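Heads up, the thing below is written out as structure tokens.
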Amino acid sequence: MADWTPSPRQHERLAVRRRLDARSTAVAAVATIVTLGVLGLLIVGSPGWPRVQETFFSGYHAKQSFPTILEGFWTNVKMFLVAEPLILVLGMLIAVTRSTTSAALFPLRALAVVYTDLFRGVPTILLVFLACFGIPALQLQGVTNSFFWLGVSALVVSYAAYVAEVFRAGIESVHPSQLASADALGLAHGQAMRHVVLPQAVRRVVPPLLNDFVSLQKDTALVASVGVVEALLAARDYANFNFNYTPYLVTAVLFVALTVPLARFTDWLGRRYARRERAGAR
């Protein structure tokens, strides 16, 4: 069979498409530059700009506060890295529990429903306060009083409720025929869930899971409210001592530098999954 080669008409269509894409890119670039330029002129030309520049954009204070903030930011990163796998495991267990059909497991299903309803309704910062101040007050033997670990536990409890619903949505998106096929092959419900349903469900919910973890990385700053020395608390201490708010912007830049790549990776996974779905539908 001879190799397919584009016709002259096809070459012409591709050339027109490339010209249109190039023109769209140029128009978007010009519009962006003009918009940013106008906004910049409005900000710089405002009467209070010199004061704002001195208070929020001081290069000296950014340089002086950066080492302390960076050290505190490492605490945020450690909390994120510890909490993420625990959230995944707990969220998966809750979602699988809610998806069971056995009458004997009804109490566990009811408990899973109460858990997700309760901890999705309570603000995360309130859970941080309750964990860090309430648990030490109980004076339980063998339970840590470290605010770092208590803050991590509050984040895990809060986010596991959201992640469980994400996993449950993925499980319910798997067509019932998959379970019927697994049953026809002689697999028990647990085996079908493990080998047939969960692998498909997890692939489908990876993008929304990553969105939750982008939010988790930002919410690690909530532990500053109980005195854990992380990036936000380090910035606040420096700002209060030096009467300059530049450290807050330094902290914001560090969080953005971490969350933006995660967001773009999430978008890429979403587009990749959409292309696979379209290809499979043909």
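Numbering (this note's numbering), first residue to last: 84 to 365.
Ideal Cβ positions, reconstructed from N, Cα and C, are used throughout, including at glycine.
Keep in mind it's a predicted model, so treat the numbers as computed, not measured.
Item to check | Member of Thr334, Asp350 and Val239 whose CA lies at the smallest distance from the CA of Pro168 | outcome: Sequence index remark: in the sequence shown, residue 168 carries index 85 (1-based). Nearest of Thr334, Asp350 and Val239 to Pro168, Cα basis: Val239.
Next on the checklist: Here's a check: name, in chain order, each residue in its chain whose Cβ is nearer than 7 Å to the Cβ of Phe149, leaving out the five neighbours to either side.
Outcome noted: Here residue 149 is taken as the residue at index 66 of the sequence shown, counted from 1. Once the five neighbours on either side are set aside, the close Cβ partners of Phe149 are Val333.
Item to check | Under 9 Å between C-beta atoms of Gly128 and Ala247 | outcome: Walking along the sequence shown from the start, residue 128 turns up at place 45. Walking along the sequence shown from the start, residue 247 turns up at place 164. Cβ atoms of Gly128 and Ala247: not closer than 9 Å.
Checklist entry - How many Å lie between Gly204 and Ala98 at the Cα? => result Counted from its first residue, the sequence shown places residue 204 at position 121. Counted from its first residue, the sequence shown places residue 98 at position 15. Distance between the alpha carbons of Gly204 and Ala98 is about 55 Å.
Item to check | Of the listed residues Glu137, Trp132 and Thr151, nearest to Ala314 (C-alpha basis) | outcome: Along the sequence shown, read from residue 1 onward, the residue named residue 314 stands at position 231. The residue with the shortest Cα to Cα distance from Ala314 is Thr151.
Next on the checklist: Measuring CB atoms only, is the stretch 290-298 touching the stretch 341-350, in the sense that at least three cross pairs come out at less than 8 Å?
Outcome noted: yes
Item to check | Met84 - DSSP class collapsed to helix/strand/coil | outcome: Along the sequence shown, one-based indexing puts residue 84 at 1. Annotation note: pLDDT 48 at Met84 (below 50); position unreliable, coordinate value reported separately. DSSP places Met84 in coil when its eight states are reduced to three.
Item to check | Residues near Ile177 by beta carbon distance below 7 Å, same chain, minus five either side | outcome: Stepping through the sequence shown from its first residue, residue 177 is reached at position 94. Cβ neighbours of Ile177 beyond the five flanking positions: Ala195, Tyr198, Thr199, Ala243 and Ala247.
Item to check | Leu268 - DSSP class collapsed to helix/strand/coil | outcome: Here residue 268 is taken as the residue at index 185 of the sequence shown, counted from 1. In this structure, Leu268 counts as coil in the three-state DSSP scheme.
Checklist entry - Three or more C-beta pairs closer than 8 Å, one from the stretch 227-237 and one from the stretch 301-315: is that the case here? => result yes
Checklist entry - For Ala145, which residues from the same chain have a beta carbon less than 6 Å from its beta carbon, with the 5 sequence-adjacent residues on both sides left out? => result Position 62 of the sequence shown, counted from the first residue, corresponds to residue 145. Hits under 6 Å: Thr329 and Val333.
Checklist entry - To the nearest whole angstrom, what separates the beta carbons of Ile254 and Ala284, a pair I think is in contact under 8 Å? => result Counting from 1 along the sequence shown, the entry for residue 254 is found at position 171. Counting from 1 along the sequence shown, the entry for residue 284 is found at position 201. So it is a contact: roughly 5 Å between Cβ atoms.
Checklist entry - Helix, strand or coil for Pro141 per DSSP? => result The count along the sequence shown starts at 1 and reaches residue 141 at position 58. First, the residue type needs correcting, since residue 141 is Ser and not Pro in the sequence shown. Here Ser141 sits in coil by DSSP.
Checklist entry - Where does Phe326 fall in DSSP's three states? => result In the sequence shown, residue 326 corresponds to position 243, counting from 1. DSSP places Phe326 in coil when its eight states are reduced to three.
Item to check | Assigned exposure category for Thr115 - 16 Cβ within 10 Å defines buried | outcome: Counting from 1 along the sequence shown, the entry for residue 115 is found at position 32. By the neighbour-count rule (16 or more Cβ atoms within 10 Å), Thr115 is not buried but exposed.
Item to check | Thr303 versus Gln93, Leu191, Val211 and Arg192, residue with shortest Cα-Cα distance | outcome: Numbered from its first residue, the sequence shown carries residue 303 at position 220. Nearest C-alpha to Thr303: Val211.
Item to check | Whether Arg251 touches Arg181 by CB criterion (9 Å) | outcome: As a working note, residue 251 is residue 168 in the sequence shown. As a working note, residue 181 is residue 98 in the sequence shown. In this structure, Arg181 lies closer than 9 Å to Arg251 by Cβ.
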